[in-house]
Each structure stands twice: as C-alpha cells, then as structure tokens.
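Novice: Residues in the sequence shown are numbered consecutively from 1, following full-length UniProt numbering. Just so you know, even glycine gets a beta-carbon here, dropped at the ideal spot from N, CA and C. Since we're looking at a predicted model, the values are computed, not measured.
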Amino acid sequence: MAYLLQQLANAVPLAALYATLAFGYSIAFGVMKRADITYGALFAFAGQMLVLFTDVGYTKMYLILPAAFAFGAVIAVGYTIGTSFLVGRAIMLPLSRKSPNTVIVAALGMMIILMETARLASSTRGIWLPPFLNGAVVFWDSGGFRVTLTEIQLLNTVLMILVIFIGAYVLKCTGWGRIWRAVTDDALAAELCGASASRVFLMAYVASAMVATICGLLATSYYGTMDFGAGLMFGLKVLMIAAVGGYSEPLKSAGGAALLGLTETMWGAYGPFLWRDFVIFSLLVLLLVLSRRERVVP
1 MAYLLQQLAN AVPLAALYAT LAFGYSIAFG VMKRADITYG ALFAFAGQML
51 VLFTDVGYTK MYLILPAAFA FGAVIAVGYT IGTSFLVGRA IMLPLSRKSP
101 NTVIVAALGM MIILMETARL ASSTRGIWLP PFLNGAVVFW DSGGFRVTLT
151 EIQLLNTVLM ILVIFIGAYV LKCTGWGRIW RAVTDDALAA ELCGASASRV
201 FLMAYVASAM VATICGLLAT SYYGTMDFGA GLMFGLKVLM IAAVGGYSEP
251 LKSAGGAALL GLTETMWGAY GPFLWRDFVI FSLLVLLLVL SRRERVVP
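The following block contains the structure:
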C-alpha cells in the first residue's frame with residue numbers, strides 16, 4: 001500500500017508537467033491548426049539555455065549560485081521568447097496558411113536548429129545544476145516506509161498548476177481570450193468582425209512558448225540538466241496528447257496529459273521499464289485513432 005501511494009505521489013509532478021505542456025500547446029494549435037513539434041524543442045531549448053548560462057554565471061562571472069541561476073533563467077527566457085517570436089512571425093504564420101506538410105517540415109528543421117545550437121554552445125558536454133530544495137516532505141509513514149516528495153517537486157507542481165489556472169482564466173474571462181476563441185472557431189469570421197487573426201496568431205504562439213519556457217526552466221531545475229534530444233520526445237508526446245484531448249480545448253488537453261503522466265509512472269513502477277515508451281506511444285496512437293473515428297462518424 002505504501003509503495004502504491006509513493007508511486008501516486010511520484011506521478012503528481014510528472015502529470016503537472018505534461019498537463020501544463022499540453023495546455024500551452026493547445027493555445028498555439030487552436031489558431032494554427034497545424035501539427036508543430038517546435039513546441040517541444042522550445043521547451044528543451046529553454047532548459048538547455050538555463051544550464052548553459054547558469055554555468056557561465058557561476059564559473060566565468062563568479063556569481064553565487066542563486067544569482068547565477070537567476071542570470072541563467074533571465075537569459076533563457078529572453079532567448080526562448082525571442083526565438084519563438086521570430087519563428088512565429090517569419091515561419092509559422094506564413095506557412096500555416098499553406099499545406100500542413102510545409103509546417104511539419106519547417107518545424108522539424110527548427111527543432112534540429114535549436115538542438116544543434118544548444119549542443120554547439122555547450123561544446124557537446126553535459127552540464128548539470130547542483131541539487132537544491134531537495135529536502136524530503138513526508139506525507140505518510142508506515143512502519144519506516146515513508147511516502148515523500150522533495151521540496152522542489154512540490155514547488156514545481158504548484159507553479160505549473162498556477163500557470164494552468166491563470167491561462168484558463170485569461171482564455172475564459174478576458175477580452176483577449178474571447179478573441180482567441182473567435183479566431184480558433186473561424187478566423188475569417190473573426191477578421192470580418194474586426195479582429196486581426198495574424199496578431200492573435202502571433203500572441204498565441206508567443207504565449208504558448210512562454211508556457212513551454214516556464215516548464216523547461218522548472219523541469220531542468222528539478223532534473224538538473226536537459227538532454228539535447230529531449231525536444232523531439234516531448235514534442236511528439238505533447239502533440240499526440242493534445243490531439244486526443246482536443247486541440248481547441250486547453251483544459252481537456254491538460255486533463256488528458258495528466259492521465260498520461262499517471263499511466264507512465266504506474267508502468268514504470270509495475271511494468272518492464274524498457275517497454276515504457278513503446279507502450280505509451282502505442283496507447284497514444286490508439287487513443288488518437290479512436291478519437292478521430294468518433295469525430296468522423298455522425
């Protein structure tokens with residue numbers, strides 16, 4: 001029983017990460033209507049810039065660790081948001097009005113560029129952050145077996161849930177959210193009513209990138225590093241999760257992603273670890289096919 005509770009506790013931070021990533025992805029996809037794996041690359045790029053510039057601040061500028069971490073976070077946010085603005089304006093906005101295949105090819109190219117930029121900037125070496133806020137918070141003690149999470153896991157979970165709540169409030173209760181929903185439903189009709197679909201597209205793309213950036217910083221602060229190939233894995237996972245949950249319904253996408261995080265953790269605890277990704281991706285493909293079939297059949 002205690003082992004099960006520990007695995008459920010372990011699933012909470014991962015579920016929060018997946019849910020927040022899926023929520024952010026749905027914001028951009030709602031107006032773009034094209035599959036875009038650049039989102040996962042931006043998530044990984046933010047984490048890679050964090051560790052790179054934290055290392056620069058600590059080893060080259062001789063800052064204390066909190067100051068070096070803050071320096072790295074600021075630079076990472078600036079680089080990632082600036083990159084997303086350029087990509088959204090110069091690449092995704094024009095191509096979203098063309099064939100879907102062009103967006104997929106461009107997104108793959110951008111992912112490779114971001115991955116290689118981070119790899120070359122760090123001289124192909126893995127940089128690790130020192131552990132911090134790793135004190136254990138005990139939830140339950142059963143005969144010496146304690147159900148715990150670390151302080152940084154709890155902090156990251158709270159911050160990610162807060163991002164979802166703030167995003168949901170903005171989309172539901174603000175003027176920009178109403179315009180976003182109008183463009184998501186029918187961009188041409190929104191244009192005829194005076195809304196600028198191109199401006200909404202760019203704002204949604206940057207807002208989505210901001211969510212990915214926050215997730216990248218929080219995930220890297222917990223795991224200690226960010227792998228150069230993480231962008232592809234997270235990009236594919238988030239794309240398929242959001243498809244199952246409903247692209248224009250960020251909260252539904254977030255809920256589906258949270259269930260995936262729970263499933264992945266439970267498989268890692270009770271099933272063969274080497275088969276985890278195979279099973280998870282097979283499940284996502286099956287759910288995607290079933291959901292598409294239900295939407296097609298009247």
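Per DSSP, which residues does Val-147 bridge with? Please list them.
Specialist: Here residue 147 refers to the residue found at position 147 when the sequence shown is read from its first residue. DSSP lists Trp-140 as partners of Val-147.
Novice: Do the CB positions of Ala-46 and Gly-57 come within less than 9 Å of each other?
Specialist: For the purposes of this step, residue 46 is identified with residue 46 of the sequence shown, where counting begins at 1. For the purposes of this step, residue 57 is identified with residue 57 of the sequence shown, where counting begins at 1. Taking 9 Å as the Cβ cut-off, Ala-46 and Gly-57 do not qualify as a contacting pair.
Novice: Note down, one range per segment and in chain order, each alpha helix (DSSP H) of at least 4 residues found wholly within the region 170-245.
Specialist: 175-185, 187-192, 197-223 and 230-245
Novice: DSSP on Ser-253, reduced to helix/strand/coil?
Specialist: Indexing the sequence shown from 1 puts residue 253 at position 253. Three-state result, Ser-253: helix.
Novice: How big is the Cα-Cα spacing for Gly-256 and Gln-6?
Specialist: For the purposes of this step, residue 256 is taken as residue 256 along the sequence shown, with counting starting at 1. For the purposes of this step, residue 6 is taken as residue 6 along the sequence shown, with counting starting at 1. Taking the straight line from one Cα to the other gives about 22 Å.
Novice: Which same chain residues, not among the five before or five after residue 347, have their C-beta less than 8 Å away from its C-beta?
Specialist: No answer is possible for residue 347: it lies beyond the span of the chain, which begins at 1 and ends at 298.
Novice: Give me, in chain order, the residues of the same chain whose beta-carbon lies closer than 8 Å to that of Val-279; leave out the 5 immediate sequence neighbours on both sides.
Specialist: As a working mapping, residue 279 is identified with position 279 in the sequence shown. So the list reads Trp-267 and Gly-271, once near-sequence residues are dropped.
Novice: Taking the alpha helix (DSSP H) that Gly-57 belongs to, which residues open and close that run?
Specialist: By 1-based counting over the sequence shown, the position of residue 57 is 57. Gly-57 -> alpha helix (DSSP H) spans 38-59.
Novice: Are the region 201-210 and the region 21-33 touching, with three or more C-beta to C-beta distances below 8 Å?
Specialist: yes
Novice: Considering just the uninterrupted stretch of the alpha helix (DSSP H) at Met-111, what are its terminal residues?
Specialist: As a working note, residue 111 is residue 111 in the sequence shown. 100-121 is the extent of the alpha helix (DSSP H) around Met-111.
Novice: Compare the Cα-Cα distances from Leu-232 to each of Ala-41, Val-12, Leu-21 and Asp-141 and report the closest residue.
Specialist: Taking the sequence shown and counting its residues from 1, one reaches residue 232 at position 232. Closest by alpha carbon: Ala-41.
Novice: Candidates Ala-212, Met-115, Ala-182 and Val-74: which alpha carbon is nearest Ser-198's?
Specialist: Stepping through the sequence shown from its first residue, residue 198 is reached at position 198. Ala-182 is the residue among Ala-212, Met-115, Ala-182 and Val-74 whose C-alpha sits nearest the C-alpha of Ser-198.
Novice: Alpha helix (DSSP H) containing Ala-132: first to last residue?
Specialist: For this step, residue 132 is matched to residue 132 along the sequence shown. In the sequence on display, residue 132 carries Phe and not Ala. Taken as a continuous stretch (DSSP letters only), Phe-132 belongs to no alpha helix (DSSP H), as it is neither H nor E.
Novice: Whole-angstrom Cβ separation of Ala-254 and Ile-164, contact assumed at under 8 Å?
Specialist: Taking the sequence shown and counting its residues from 1, the one referred to as residue 254 is at position 254. Taking the sequence shown and counting its residues from 1, the one referred to as residue 164 is at position 164. Yes, Ala-254 and Ile-164 are in contact; Cβ-Cβ is about 6 Å, under 8 Å.
Novice: Alpha carbon to alpha carbon, how far is Val-147 from Gly-88?
Specialist: As a position in the sequence shown, residue 147 is number 147, starting the count at 1. As a position in the sequence shown, residue 88 is number 88, starting the count at 1. Each residue's alpha carbon lies about 44 Å from the other.
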